[in-house]
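> The sequence shown begins at 466 in our numbering and counts up one residue at a time. All C-beta atoms in this analysis are idealised placements derived from N, C-alpha and C, irrespective of residue type, glycine included. Remember, it's a predicted structure, so these values are computed and weren't measured experimentally. Let me give you the structure first, and then I'll get to my questions.
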Amino acid sequence: MCGRFTFAISPELLAEIFEVTALADIPTRYNIAPSQQVPIIREAATGGRYLSSVRWGLVPHWAKDPSIGNRMINARCETIHEKPAFRQAVRSRRCIVPASGFFEWAATAAGRTPHYVTMRDGTPLAFAGIWDSWKTPEGEVLETCAILTTAANSLMAPLHDRMPAILHRTEFVLWLDRATNNPEKLQRLYQPYPAELLQECEVSKLVNNPAHETPETIVPVQVPV
């Protein structure tokens, strides 16, 4: 699954990797948690991509209560085209959630130990995401998102049996294409990301508390040999 991640990507790198033409002012974050604002990249109706900020935890447009989003931070690739909460969004409201890395916790005899996962070459991660727009009775708009998950690869399996669905750069066009709504065309994007392209390290338990929003959350822990 994906329950915490980081965002420390410069506007220049965002423009280069994601071909974003309209950039929002997204601050550096070292411990993003569910229900908080997160950056997403969408394709504009007139063409081009833009970066904006939405709340993490999908609230379907038909929901009666926005608190439903607290339970829907992730969407399983295997059932996303069937679940009522996700199937319409994945057809027409797909997005990319850019990240520097994400956290996962391994179960050990000493308790749950946090690990930090990044690209081996230091480039940003691109999570496959979906978004929706919900209106309050007063007409105010709440935009939200969820991150897709898939089966864990060999690097992630010791930590968890799920991992975020990560897109290759060559897959951005297909995922964001507003005209593509055939599930069969999207299935190949749901494969676990190659383990050899990622790396992970144990980090401090500071990350367990979302209030800890400092670079120390991603500093590797020296594991005794």
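Any chance you could list the beta strand (DSSP E) runs of at least 3 consecutive residues sitting entirely within the stretch 614 to 644, in chain order?
Those beta strand (DSSP E) runs which fall completely within the stretch 614 to 644 and span 3+ residues are 627 to 629.
> Between the C-alpha atoms of Ala498 and Arg559, what's the straight-line distance to the nearest angstrom?
C-alpha separation (whole angstroms): 21 angstroms.
> With the cut-off set at 7 angstroms, would you say Asn539 and Ala611 are in Cβ contact?
Result yes, Cβ atoms of Asn539 and Ala611 sit closer than 7 angstroms.
> Taking the alpha carbon of Val485 as the point to measure from, which residue in Phe567, Pro657, Ser517, Glu681 has its own alpha carbon closest?
Cα-wise, what sits closest to Val485 is Ser517.
> How far does the alpha helix (DSSP H) with Ile764 in it extend, from its first residue to its last?
Here the chain covers residues 466 to 690 and nothing more, so residue 764 does not appear.
> When DSSP labels each residue in this structure, what does Val690 get in the three-state scheme?
Its pLDDT being 46, under 50, Val690 is placed unreliably in this model, and the coordinates cannot settle the point.
> Does the structure place the stretch 575 to 593 close enough to the stretch 667 to 686 that three or more beta carbon pairs sit under 8 angstroms?
Contact between the stretch 667 to 686 and the stretch 575 to 593 is present, because at least three Cβ pairs lie under 8 angstroms.
> Name the DSSP bridge partner or partners of His580?
In DSSP, His580 forms a bridge with Glu569, Glu667.
> With 16 as the cutoff for other CB atoms within 10 Å, does Pro563 come out buried or exposed?
So Pro563 ends up on the buried side.
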